[in-house]
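Going letter by letter, the sequence shown gives residues 15 to 212 in this note's numbering.
All C-beta atoms in this analysis are idealised placements derived from N, C-alpha and C, irrespective of residue type, glycine included.
Take a look at the structure set out below.
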Amino acid sequence: MNTFEEYFETGLKFHGHRCPAMPMGLRAALAAMKTLGVEHSQDKELQVLSETGEGHAAGCFLDGVMVVTGCTYGKSNIKKLYYNKMAFTLIDVKTGRSVRVSIKNEVLAQSLKSPFIEQRKAGVPPQDVPAKIADPVIEKVLNIPEEMLLNIGEIKVIDVPKGKGVFEAEPCAKCGDMTFVNKLQETPAGKVCIPCAG
Ligand SMILES: [Zn+2]
Ligand SMILES: [Zn+2]
C-alpha cells in the first residue's frame, strides 16, 4: 500500500498542476477505502460514482479519487453523474458494500473564497498561480482533520451491475476501423460502427 506522500506525488504528476482540489480527492478516497476496508483497485474490484461534473471549480477532486482508488476511465469503473457536487460513492464490487463521501459544506465554501480561487477567477491558469499563494491553500487541505474535511456516510449494500468485457473486434464494413463487436450494427452493407451507422 502506498503512503499518502506517494499518492500525492503520483497525483501531482498525473494531474499536471498544484491545486487544493486534487489532494481533497486523495484524502476523501483514502477515507472511503478505509471505511470499506478495501485496497486500490487492480482491475474492477472497486467502482466510483462521482457526483462532480464539468464547468465548475474543484472538479480536479476526481483526479485525486482516481489515483487513490485505481478506478479509472480506461477500466470504465468510474462514472461521472454531473450533479456538480463534491461527492462520490465508492463501491466494493464483490460485496456490494458502498459508502458516500463528500466534502463538508464549510470547507468547500471557504476554499471557494481562497486566494487560489481569486487567482483562478481572475483568469490565471492553475499552473501559473504562484507557489506562495497555492502552497498554503494546499497545506490546509493536507492538514485539516478528517472529521472537519469530510462527511462519511453509512455503509450501504447495493446491487452492482456486473458485465463481462468483450474480447472480439472486427473491422467496420464502411470505415475499416477495428471495433468491438458489441457496438457493431447489422446493416444491409454489413456490420458497421456507430458513426458510420449515422
Ligand atoms: Zn487541479
Ligand atoms: Zn465505421
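Short of 8 Å from the beta carbon of Val113, and not among the five residues preceding or following it, lie these beta carbons of its own chain, in chain order: Ala46, Thr49, Leu50, Thr103, Leu104, Ile166, Gly167, Glu168, Ile169, Lys170. Each of Lys135, Glu53, Glu184 was checked against the Cα of Val79, and the nearest Cα belongs to Glu53. For Asp173, the closest of Gln199, Gln61, Met162 by C-alpha to C-alpha distance is Gln61. The set of residues with CB atoms less than 6 Å from any heavy atom of ligand 1 reads, in chain order, His29, His31, Cys33, Ala35, Met36, Cys74, Pro140. Around the beta-carbon of Phe194, fewer than 16 other beta-carbon atoms lie within 10 Å, marking it exposed. DSSP places Leu95 in the coil class of the three-state scheme, outside both helix and strand.
Under the three-state reduction of DSSP output, Arg41 falls in the helix class.
Residue environment: Phe75 is assigned as buried (16 or more neighbouring CB atoms within 10 Å of its CB, all protein chains considered). The Cβ atoms of Ala72 and Ala35 sit closer than 8 Å to each other.
Separation of Glu132 and Ala183 (C-alpha to C-alpha, rounded to the nearest whole angstrom) is 49 Å.
When the alpha-carbon of Ala43 is set against those of His31, Asp57, Gly25, the nearest one is in Gly25.
Looking at the DSSP output, Pro185 bridges to Met192. Beyond the five residues adjoining it in sequence on each side, Tyr96 comes within less than 6 Å, by CB distance, of Gly67 in the same chain, given in chain order. The beta-bridge partner set that DSSP reports for Glu200 consists of Lys205.
Under the three-state reduction of DSSP, Lys170 is assigned to strand.
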